[in-house]
Structures are given as structure tokens and as C-alpha cells.
Amino acid sequence: MQFAHSQHSSTEEAGLEKPLDVKLVPQGIFRAARKISDQIDEELRRERIALQHMRGPKILLLGSGDSGKTTVLKQMKILHGDGFDEKERDAFRVRIYDNILDSMKALVYALETLGVQLAVPSNEVHAKRIVTHTPRVGERVLTPEIVESLQELWKDAGIQQCLQRSNEFFIQDTAE
Ligand SMILES: Nc1nc2c(ncn2[C@@H]2O[C@H](COP(=O)(O)OP(=O)(O)O)[C@@H](O)[C@H]2O)c(=O)[nH]1
Ligand SMILES: [Mg+2]
1 MQFAHSQHSS TEEAGLEKPL DVKLVPQGIF RAARKISDQI DEELRRERIA
51 LQHMRGPKIL LLGSGDSGKT TVLKQMKILH GDGFDEKERD AFRVRIYDNI
101 LDSMKALVYA LETLGVQLAV PSNEVHAKRI VTHTPRVGER VLTPEIVESL
151 QELWKDAGIQ QCLQRSNEFF IQDTAE
């Protein structure tokens, strides 16, 4: 309350030589605060620009489903980035094995739906092995037996005939 009732005494208490003009105090503080705030904004702006330069420009890749957006990105990563690391390659390997098995199963099932015979009747054992084989989740290898069955069936003219008619049933376009 001293502050309000006597300017002089408040100046003395504050240890100031000149009388304190209270109206000027907030303005001075605001000016100083504004200056610090502007400095911080400027620093943030410079950091943001530096970060954008580091990351490079952003590109929006548009296209309908299955038009090749992911493929282009993967190619960029291989050609201009640092490629795929061991863990990523491992994940692709498992998916490729899955796709190979899936496609051969589709071809074996197609024998029946299309009414096509295996050219080599003894390949029936391979056909059975493929359709009954269910790899464990994340299985990393194709066993030698499975590889042999895949190779024998692929050589079979009946299977090739089904492949020629792949527009008549569902099979992944990566089958061949
Ligand atoms: N023939 C051909 N096939 C492509 C090309 N680019 C992608 N594909 C195939 O098209 C399918 C869809 O590609 P994807 O990149 O997954 O398309 P997204 O849905 O746009 O991400 C995949 O089977 C790709 O292998 C291309 O340039 N030529
Ligand atoms: Mg995609």
C-alpha cells in the first residue's frame, strides 16, 4: 500500500535515485520480453529451415490403387537412398517364399477347376506336398523337398497350361 500512497517512499525503498514512474515499468518489461520472444522465434525459424534442408523437399505421390506408388518409392530407396538393410531384406524374402508357394498352390488347384491333367502323373506326389504344406509363421527357408516339388511341377506341361490360362482363375501377377 506504500506503493500507492507515496511515490517518494517507494523510490527510496527500491534504492533508486530518480523517482520511479510506475507507468513506464510494465512497458519496459514488455519490450524486453518481446525482444527475447522475437529472438526465440527467429532461432526456431532458422532451425526449421535447416531441418527442411536436411530432409530435402517433400513429394506427394498420387495414383490409383496398384498404379505403382510403392514400387517407385522402393526403387528410389534402392537407386538414390541407402537401399534395404538386412532386416528389411529378410522380411521381403519371407514374402517372396509365401508368394511362390501361394502361386503354385493356385496352379495346382487350377488343374482341377480347368480340368487339366498333370503331364507327368507321378508329379501328383509333388502337387499333394505343395497344397498340404503350411509354412510356420515367419519361416525363413524353403525346404529342399519343397524346392524339388516346385521345380518338378513348374516343368510339368499341365501346370504350364494352367499358367497360360491364368486369366480364368485368381493368381498373383508375380507368379511367373
Ligand atoms: N508392369 C509393371 N508393373 C508394375 C510397375 N510398377 C509397379 N508394378 C506392379 O504393379 C503392382 C502394384 O504396384 P504397387 O507399387 O504396389 O502399387 P501402389 O498400390 O500404387 O502402391 C505390383 O505388382 C508391382 O509389381 C511398372 O512400372 N510396370
Ligand atoms: Mg502401395
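For the record, in the sequence shown the residue sitting at position 26 is 26 according to full-length UniProt numbering, with numbers rising by one throughout.
We put the CB at the ideal spot given by N, CA and C, even for glycine.
- C-alpha of Gln39 to C-alpha of Arg31: approximately 12 Å in a straight line.
- With fewer than 16 other CB atoms across the displayed protein chains lying within 10 angstroms of its CB, Met76 is exposed.
- The C-beta distance from Leu153 to Asn123 rounds to 6 Å, short enough to meet the 8 Å contact threshold.
- A distance criterion of 6 Å places the beta-carbon of Lys87 beyond contact range of ligand 2, judged by its closest non-hydrogen atom.
- Taking 8 Å as the upper bound for CB-CB distance, Ser166 and Ala175 are in contact here, some 7 Å apart.
- Ala119 carries a coil assignment under DSSP once its states are collapsed to helix, strand and coil.
- Between ligand 1 and the CB of Ser67, the shortest heavy atom gap is smaller than 6 Å.
- For Cys162 against Leu114, the beta-carbon gap comes to about 6 Å, under 8 Å, which counts as contact.
- Within a 10 Å sphere around the beta-carbon of Met104 sit 16 or more other beta-carbons, which makes this residue buried.
- The alpha carbon of Ile146 has as its nearest neighbour, out of Glu139, His133, Val72 and Lys155, the alpha carbon of His133.
- DSSP places Gln151 in the uninterrupted alpha helix (DSSP H) bounded by Pro144 to Lys155.
- Within its own chain, the residues whose Cβ lies closer than 8 Å to the Cβ of Tyr109, once the five positions on either side in sequence are excluded, are Val131 and Phe169, listed in chain order.
- For Ile59, the closest C-alpha among the options Val72, Arg48 and Arg45 is that of Val72.
- When distances are taken from the beta-carbon of Thr174 to the heavy atoms of ligand 2, even the shortest one reaches 6 Å or more.
- Pairing Glu139 with Val94, the inter-Cα distance amounts to about 7 Å.
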